[in-house]
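First the structure, in the form of structure tokens, and then the observations on it.
There are 2 protein chains.
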Amino acid sequence: MKQIFAVFVAFLALCLDVPSLAAPLASVSSPDSRLNLSFDIDHDGRVRYSVIRDGKPLIAPSKMGFLLQDSFAMVRGFGFVGQESASGEENWEQPWGERRFIRGKYNELLVRFQQKEDFQRQMNVRVRVFNDGLGFRYEIPDQPHLKVMKIAEELTEFDIAQPGTAWWITGGEWNRYEQIYQKTRIDAVATAHTPITMKLDDGTHLSFHEAALVDYAAMWFKRADGQTFRSMLSPSSREAKVIRETPFSTPWRTIRVSDDAAGLVESDLELNLNAPNKIGDVSWFKPHKYIGIWWGMITGKWSWASGPNHGATTERAKQYIDFAAKHGFKSVLIEGWNKGWDGNWFGRGYYSFTESYPDFDLKEVTDYARRKGVQIIGHHETGGNIAVYEAQLEDAMKLYAKVGIQAVKTGYVADAGGIIAPGDAEGAMRMEWHDGQRMSVHHLNVVETAAKYKIAINAHEPIKDTGLRRTYPNWIGREGARGMEYNAWGQYANSPDHEPTLIYTRMLSGPMDFTPGVLSLTGSSGVRLASTLAKQLGLYVTLYSPIQMAADYPEELAKYPRELGFIRQVPADWSESHLIAGEVGDYAVFARKDRNSNDWYVGGVNDADPRTISAKLDFLDAGRSYTAKIYRDGLNADYRTDQRHSMAYETRTVKKGDMLNIWMAPAGGFAVRIAAER
Amino acid sequence: MKQIFAVFVAFLALCLDVPSLAAPLASVSSPDSRLNLSFDIDHDGRVRYSVIRDGKPLIAPSKMGFLLQDSFAMVRGFGFVGQESASGEENWEQPWGERRFIRGKYNELLVRFQQKEDFQRQMNVRVRVFNDGLGFRYEIPDQPHLKVMKIAEELTEFDIAQPGTAWWITGGEWNRYEQIYQKTRIDAVATAHTPITMKLDDGTHLSFHEAALVDYAAMWFKRADGQTFRSMLSPSSREAKVIRETPFSTPWRTIRVSDDAAGLVESDLELNLNAPNKIGDVSWFKPHKYIGIWWGMITGKWSWASGPNHGATTERAKQYIDFAAKHGFKSVLIEGWNKGWDGNWFGRGYYSFTESYPDFDLKEVTDYARRKGVQIIGHHETGGNIAVYEAQLEDAMKLYAKVGIQAVKTGYVADAGGIIAPGDAEGAMRMEWHDGQRMSVHHLNVVETAAKYKIAINAHEPIKDTGLRRTYPNWIGREGARGMEYNAWGQYANSPDHEPTLIYTRMLSGPMDFTPGVLSLTGSSGVRLASTLAKQLGLYVTLYSPIQMAADYPEELAKYPRELGFIRQVPADWSESHLIAGEVGDYAVFARKDRNSNDWYVGGVNDADPRTISAKLDFLDAGRSYTAKIYRDGLNADYRTDQRHSMAYETRTVKKGDMLNIWMAPAGGFAVRIAAER
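Top line first, the protein sequences correspond to chains A and B.
So the first sequence is residues 1 to 678, counted in our numbering.
So the second sequence is residues 679 to 1356, counted in our numbering.
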């Protein structure tokens, strides 16, 4: 009878997805007790986690587990083996970043599960709960029947318990992360990359992401039904999406939780879940601003390829170096210096990373730069061909180190699924995804190689940022969203609310080499940016990067001496950063303290709805006097009219507690330098 | 300059997804000219198709192509090589089905494309446009650089040009097709199985599916953004989702288009795109009704496994045979007759397909049945283990043929991704998906083997139906949706609108062994069905299957002699079928003509909103007199109350043109036998 009943219950269970009434087996809360994660096992032996905040369900019971390529799934039939609790505190100093000192108290729980039948596989889950969010990861122990884990799919669910709005970009799109964000109700999302940000109807802000994506495929979100999401791993050319020897840990699946947008934006959750710096001293890297031989090719005036309009010539490089030296830019990016751009490079990438074009003398240019106190940012575009790049990587970095280049912009321009990795036989290819397991390995390979040579990496068309800059602080930035360049190719190609959305989504993951500073507000063929001039300055304070470009042609930059002066002064390194006003997708106002002085900067970017913000300067030091230099939208400024360059300038004495009221135009913004009196 | 410009345009193109202004290269219309499909190639060499109906865009320019696992994608850089046009007409007789004669005029277009660079791959597309819809498929020729095509993903888009509503189930769910349908706006779909049905705001009805899924992975829909959908192939344990030697053709991607629901439901588009019968005479298979030792296990009273409550005993089998003989049921399904049910069979499947349990004598039972003029339906549950099943398949069919069994219900009870296929080494496993390439091959292997032995196949937990019953008319049905059994396990587990939605979605693909006829309206532990008694009869006329079960316990069936009498008479084979009233998700009323007489049957099923339908009996033969016997919901019938069994019975003389007005209760229905006067 018992056997019959067991079979019946098993059969029943397989068919119905009934909410369990099982009591939690193990549970862990944040230090302030507001956030709680608990585990249970349903009637079918499926491990589930749930999250509650302030007593309200945040994540309803959500299943966990894996499909394997070569064996029974790790989904059903689990039993609880044991648990361990701990507490800890992260307390560390970033060598560069939005904040100097980072802290985070947490409570930790490790739970051990084991399947009762068949191969009795073990699956552990470790959780860390902070006051600003939580992360959990799977830890798969070494075990007799799982020496190599071939993951066909990870089946982690996220069943959002309350209705709300989501901001997201489609997972697996041909153009990778370079999409305009969609804003929909949560139950209208399809598949999405992370970070995916949500605002529940009760005001709670959430963002889902991952931390420490090492030797594993990136996680996308796939909505199953209602508000239940499930992980979907980036594909692989191999027979499984992830292949790992045990023991290993997956990346942390992270959930930032906050009462408001500021709490979401100012969290360091993923950084706190990453391993400490393992490459040592990086004082050789100094955050700075740069210009580049780049916009000319983006707007079609010059070419990367050789020919009469070749952008990267020795002569032009010297002109840029002169301009950089004169206007306080620390370095010059030069693209198109190397052989391989002639013919079809996109998704093909038959580059040389050591041979220059004949009209570009690398030694002469870098020597000239050195004499002027300027550096060159190197460029390694791969066209997606990591087989070619990896074969030359060591020599490429060696060459750059030899000529004094200390930062490289890498690129992987190819469609999603179009990365060319070496195959198993001579001449064979494996097609990979920009964010699959193979590329997670490739990027760290590049970063670690660069570190040996004291070179920093700024990766374009990259894998998403999951906080590895803590472990590898020479990984100084990446693209991984639609940046300024899209504005060159189509009128208002980046909508007015693009940056005000990026700040609450993409920018939660880490710095972006957005390349602001197109002060002409014009792309190719007269195409207009969805931006006023003041918004361009606001970007320096709102879209963080340790390397900030002034992207426009130097002669255009020179037409706006006051703005150029602001850009010269604005830091790229901060000791504090605060979102002092803003709403997801609408606008954002930051206050940041210069890491190297007592100065503060305030800046804002706005969507298409004009608005006045009132910011209280309560972050200033008490008793200190400051001079505020304000750069803001002038009367009637509007990105759609001939008043888009209209500016108003003010200088004021300010002190702690003063109010700053600033009107922002449609697609407008502002920037303020609050200089401390010496 | 030209080279620079070309590179610039290529770079521009890779970044922006601009609508093309390219003129159509090739175009084909339906015979009535309302529907038109055209091809163009965008500025980036990407092949696109568009569909227009009555001059309005139906499918906006939608991209085509493939990602390969081991080489450059077949996406960009295509040129137009040539085209061929043709016309044709399908005109054939089904051995069994909803209609006896099937016709379809079409216009056909074959277009040849070739990539200009690299390996210059060739990709052809064939289109057939009928008045009720269209289908297109890729044809990949034998070519020097593509001997074996390893498809990482198919990238066929479906950009729905007008807003509307969609009815769908989630693609890739753990419980496969066995889900309640979701009804959302088109732009809120996430991932979906096919058929996926849409009703545009202007009233146009569409359903997307595929035809002739042979040696290829099933296609799911994945919404990218807005209303753009993209194909997503079911996964594989191998390094690519599909591996095929060239030349080969993909399945047809089909789009039924109609002004109304009836046109959608009555289309034979997918059948017309399948290859003709290749197994020859199937007159040994006669559509019929059956009962079974099955509901007892579903409701938990008996077991499949051995033991004191074993369902499939020789004695019980004889009782069922007696009941079948007495009440006009042609066969008896017997589950749990064979060894392998003891222990964990779900997703494991260590069955013997030739050894019976000791208390079941296969020979004695089949001999008894034969003497009574009744057949036995065999049962091959695999628990998802096709490694075990395929090894015994020949012997299993041989045994059944020997004892006179002419139909088998197969089963694949396992989670999605949990099919166990043989690996490459001894004892190795490959985990496959129910609708992946490996299973598309397995199912035809089973059907073809069965055909040798004159055995028909009714597959549960199957791959979707794509019309292959035309080519293999012994493939008589399948499950592939949530059937009656779910009602056994939870109150109203199948919602009142479940069948009224199935009819316009799942049922467009082919017959379903839904197993109606739970006349007690009760499952295990007194759980209620979302159905009145009249609705159970309506199912026999609205949810088509060539084998129709009366699923309840015989003693329960016997309590409703009038209803049992209707079931005895209702045919399972039709010469005509018409949806004479209905709305997707709400209700459906069919009129069907018995294939073997001049009788007609009318039946309806309803959701939770009571309604009166008015049906004009204009399908009756002029000049012929009929007696209509009506079985309908009685006064106050309601699935939620103690009036759920309330029936009203009427007998009436009717003729062509008469009106039939029938009120349907909440979750109600009706059935009418319109017997022609002899």
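Don't be surprised by glycine CBs; every beta carbon is placed ideally from N, CA and C.
Source: prediction; values computed, not measured.
- In this structure, Ala738/B sits near Ser728/B, with a CB-CB distance shorter than 8 Å.
- Inclusion of His205/A and Thr194/A in the CB contact set at 8 Å is not warranted, their separation being larger than that value.
- Per DSSP, Met742/B lies in no beta strand (DSSP E) and is assigned neither H nor E.
- Annotation for Asn124/A: Leu110, Val111, Arg112, Phe113, Tyr138, Glu139, Ile140, Pro141 place their beta carbon closer than 8 Å to its own, counting only its chain and skipping 5 residues before and after.
- Within a 10 Å sphere around the beta-carbon of Asp1230/B sit 16 or more other beta-carbons, which makes this residue buried.
- Proximity of the stretch 1087-1101 of chain B to the stretch 1011-1029 of chain B meets the contact definition, three or more beta-carbon pairs being nearer than 8 Å.
- Linking Ser306/A to Thr354/A through their CA atoms gives a straight-line distance of about 16 Å.
- Counted as a single uninterrupted DSSP element, the stretch harbouring Arg256/A is not any alpha helix (DSSP H) but the beta strand (DSSP E) occupying residues 252-258.
- Taken through DSSP and simplified to helix, strand or coil, Val129/A comes out as strand.
- Under DSSP, Phe886/B shares a beta bridge with Ile874/B, Ile933/B.
- In the DSSP annotation of this structure, the continuous segment of the alpha helix (DSSP H) that includes Leu362/A starts and ends at 362-372.
- DSSP, reduced to helix, strand and coil, places Trp600/A within a strand of the structure shown.
- Here DSSP, grouped into helix, strand and coil, assigns Leu557/A to helix.
- Burial check for Met659/A: the Cβ neighbour count within 10 Å stays below 16, so the residue is exposed.
- Rounded to the nearest angstrom, the Cβ distance from Ala312/A to Gly336/A is 4 Å, consistent with a contact under 8 Å.
- Here Glu1072/B carries a helix assignment [DSSP, helix/strand/coil].
- Residue-level contact by beta carbon holds for Arg238/A and chain B, with a gap shorter than 8 Å.
- Within chain A, the residues placing a beta-carbon under 8 Å from that of Ala1106/B are Asp70, ordered along the chain.
- Residues of chain A whose Cβ lies closer than 7 Å to the Cβ of Pro913/B are, in chain order, Ala152.
- Across the set Gln406/A, Ala324/A, Asp281/A, the C-alpha of Ala324/A shows the shortest separation from the C-alpha of Val374/A.
- At a cut-off of 8 Å between beta-carbon atoms, Thr170/A makes contact with chain B.
- Under the Cβ distance rule, Val441/A does not count among the residues neighbouring chain B, no pair being separated by less than 8 Å.
- In the structure shown, Thr1305/B falls within a strand segment according to DSSP collapsed to helix, strand and coil.
- Comparing alpha-carbon positions, the option among Arg640/A, Tyr601/A, Gly657/A lying closest to Tyr631/A turns out to be Tyr601/A.
- Residues of chain A whose Cβ lies closer than 8 Å to the Cβ of Gly1096/B are, in chain order, Leu67, Phe72, Ala73.
- With a cut-off of 8 Å on Cβ pairs, the stretch 391-410 of chain A is not in contact with the stretch 705-716 of chain B, counting fewer than three such pairs.
- Interface annotation, Thr191/A: in contact with chain B, CB-CB separation under 8 Å.
- Straight across, the Cα-Cα distance linking Ser87/A with Asp40/A is about 22 Å.
- Proximity to Arg854/B across Gly1062/B, Val935/B, Arg731/B, Arg908/B peaks at Gly1062/B, based on C-alpha coordinates.
- Note on geometry: alpha-carbon atoms of Ser1324/B and Val867/B lie some 39 Å from one another.
- Straight across, the Cα-Cα distance linking Ala262/A with Tyr504/A is about 9 Å.
- Classified as buried, Gly755/B has 16 or more neighbouring CB atoms from the shown chains inside 10 Å of its CB.
- Within 7 Å of the CB of Ala1099/B, no CB atom of chain A is found; the nearest one sits about 10 Å away.
- DSSP, reduced to helix, strand and coil, places His327/A within a helical segment of the structure shown.
- Between Thr627/A and Thr653/A a beta carbon distance of about 6 Å is seen, short of the 8 Å cut, so the two are scored as contacting.
- In the three-state DSSP reduction, Gln437/A falls in the helix class (H, G or I).
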